[in-house]
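Engineer: In full-length UniProt numbering, the protein residues as written are 1 to 59. We put the CB at the ideal spot given by N, CA and C, even for glycine. Because the structure is a prediction, the values reported are computed rather than measured. Would you mind keeping the following structure in view while I ask a few things?
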């Protein structure tokens, strides 16, 4: 995939913003995505979701 587009998503609380950055990771030719999460509770939730989607990740 050679698309070089940027996307800005503005969504309310509980609308699935956390899932938006995970979507590209599931594509066949996905590159590397880096995410910095400041909150421990949010980090734990995101790690749980990444594991459920079977996305390779580092903690």
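(1) How about residue 57 and residue 51: are their beta carbons less than 9 Å apart?
(2) Measuring CB to CB, does residue 22 end up less than 9 Å from residue 53?
(3) Assuming residue 55 and residue 13 form a contact by the criterion Cβ under 8 Å, report the distance between their Cβ atoms to the nearest whole angstrom.
(4) What separation, rounded to the nearest whole angstrom, lies between the Cα atoms of residue 24 and residue 32?
(5) Tell me whether residue 45 counts as near the ligand MG, meaning its Cβ is closer than 8 Å to at least one heavy atom of that ligand.
Structural biologist: Put simply:
(1) Taking 9 Å as the cut-off, the Cβ atoms of residue 57 and residue 51 count as close.
(2) Contact check for residue 22 against residue 53 passes: the beta carbons are separated by less than 9 Å.
(3) At roughly 23 Å, the Cβ-Cβ gap does not stay under 8 Å, so residue 55 and residue 13 are not in contact.
(4) One C-alpha to the other measures close to 9 Å.
(5) The ligand content of the structure shown is nil, which means the ligand MG is not present either.
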